[in-house]
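Asker: Below you'll find the structure I mean.
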């Protein structure tokens, strides 16, 4: 009888918690809500049928707008209320007050600005204090109180979650400061996320909200919904647990993190989508940035060219639906192309180059037909073999942020005159110079010319062969938009393909072969066929 009473009490407690009138836990005082022209979504939980009034007031307590709604059951059976605010221009501070049945809850010291989600694995998780510019970045935080930060703890779920428990919040919405930016290693705050947001703020003086949700050593499949994975032919009947998962051979390329309280393998399909992405879908965002791919050099590497674009497409679809059209259904998505590991510049291990290329859906560049409104920062020329965190974790996140922000400025913030890409490998052809044969490699997006910083990085393959042979650069061509390669074997062998930077660490720091004169950006890995 006593056991029954205990169970009944626990059930009633659970019911009371589920009926509590509150904001979703992804919201909080000090946060940034998405500015105009988009409409910020504000939502939470309550008792089904309750009337809810949401009011926005400024610092003078003047009402800016009021919205009414009713608590209704959602897809998951939860009693949820939600309002779409009228678009608000950048600025603040504001308070958002929700009232229901004489109960009042308040979010204070809010700003309207641009909200960016930052996600991926360990190079996104890599914190400011671990970076080469840590002192500068942490000191600058005191002067950036209009940047607000939120960081989610790492946890996996077998089922899609509507909200997460407050125990899973690593850093609640906070004003940028030396303490919130320079937190514990691997905890908060993400170096790339912070540096990206700070540069956007410095450029436009618009409040920036940064949501950090990442987990080292995880694959893209974990961050993708079942719907997205099904489009790539990947299905899963059950979720692997820590006890029964297939244990991969430990590899220096993969950083595994502690599972802590979760018994779910964070690399099981969709488990991080369920827990660390799904709960944000009702929050209006401006866009997302991503740094991931290392784990996919050993897991499902032949699927990445499908999985990654489909993940982006699905995130966009689900955010558009989750915010009732408030989030752009083609919201901008930026990513860091896979960095390097080790210091063996002669290594031909292709896995890293393969994933870099597949990150672009095998186009070699973004945006492209399959990845529209997508921008990329090339990072293969930033090796850091001396990194105390392992060479797979280069400490220079500032250069990655600089390159990523160029893409955002051009594609997101209307500075269309900015060239945010390096030279892009375009066509290859045989040519005759003084009776000798060579190969001419032409680049596009190189109208102001290319600069050659090193003689190596190109390889050629003959018809019928599986071997790739290095081909050295002879010189840039007279048009300054092409380079000339020596032919390493007889023309009669019929060279058919040329590839560039096809190794895990293709060059020394900022010394790959081809860069743009205009912006000093590197050419990404590329492949071309010789007709």
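Residue numbers (this note's numbering): 87 to 617. Ideal placement from N, C-alpha and C gives every residue a C-beta, glycine not left out. The structure presented is a predicted model; accordingly, all values stated were derived computationally and were not measured.
(1) In chain order, what residues of the same chain have a beta carbon less than 6 Å from the beta carbon of residue 556, not counting five sequence neighbours either side?
(2) Evaluate the contact criterion for the segment 237–255 versus the segment 140–153: three or more CB pairs, one atom per stretch, below 8 Å.
(3) Which word fits residue 221, buried or exposed, when buried means at least 16 other C-beta atoms lie within 10 angstroms of its C-beta?
(4) State the CB to CB distance for the pair residue 170 and residue 198, rounded to an integer number of angstroms; the pair is presumed to be in contact (CB under 8 Å).
(5) Tell me whether the beta-carbon of residue 282 lies closer than 8 Å to the beta-carbon of residue 363.
(6) Whole angstroms is fine: what's the gap from residue 339's alpha carbon to residue 379's?
(7) With distances taken Cα to Cα, identify the nearest neighbour of residue 226 among 263, 131 and 126.
(8) Decide yes or no for the touch test of the segment 464–482 against the segment 589–605: beta carbon pairs closer than 8 Å, at least 3 of them.
(9) Does residue 482 pass the burial test, meaning 16 or more other C-beta atoms within 10 Å, or should it be called exposed?
(10) If you drop the 5 nearest sequence neighbours on each side, which residues of the same chain put their C-beta closer than 6 Å to that of residue 276?
(11) What is the DSSP secondary structure of residue 640, reduced to helix, strand or coil?
(12) Drop a sphere of 10 angstroms on the beta-carbon of residue 519, count the other beta-carbons inside from all chains shown, and report buried for 16 or more, exposed for fewer.
(13) Can you find a CB in chain C that lies within less than 8 Å of the CB of residue 609?
(14) Only counting runs of 3 or more residues, tell me where the beta strand (DSSP E) segments fall wholly within the segment 509–539, in order along the chain.
(15) Using a Cβ-Cβ cutoff of less than 8 Å, which residues in the same chain neighbour residue 278 once the five nearest sequence positions on both sides are dropped?
(16) In three-state DSSP terms, what is residue 143?
(17) Span of the beta strand (DSSP E) holding residue 300?
(18) In chain order, what residues of the same chain lie with their CB nearer than 7 Å to the CB of residue 447, ignoring the 5 residues before and after it?
(19) Just to check my reading of the structure: residue 600 and residue 608 have Cβ atoms closer than 8 Å, yes? What is that Cβ distance to the nearest angstrom?
(20) Taking its Cβ as the centre, do 16 or more other Cβ atoms sit within 10 Å of residue 228, making it buried, or is it exposed?
(21) If you run the structure through DSSP and keep just helix, strand and coil, what is residue 88?
(22) Could you tell me which residues DSSP puts in a beta bridge with residue 618?
(23) Taking the straight line between their C-alpha atoms, what separation do you get for residue 517 and residue 570?
Answerer: So, from the listed chains and residues:
(1) 545
(2) no
(3) exposed
(4) About 14 Å separates the two Cβ atoms, so there is no contact after all.
(5) no
(6) Confidence is the limiting factor: at residue 339 the pLDDT is only 38, short of 50, which leaves the residue's position unreliable and the question unanswerable from this model.
(7) 263
(8) yes
(9) buried
(10) 204, 210 and 298
(11) The question about residue 640 has no answer, for the chain in this structure spans 87 to 617.
(12) exposed
(13) Considering every chain present, this structure includes no chain C. It has just one protein chain.
(14) 510–519, 522–530 and 536–538
(15) 204, 209, 210, 212, 375, 377, 422, 483, 486, 487 and 490
(16) strand
(17) 294–300
(18) 391, 395, 454, 456 and 457
(19) 7 Å
(20) exposed
(21) Low local confidence applies: a pLDDT of 43 at residue 88 is under 50, so the model's placement there is unreliable, and no value is given.
(22) With the chain running from 87 to 617 in the structure shown, residue 618 is simply not present.
(23) 9 Å
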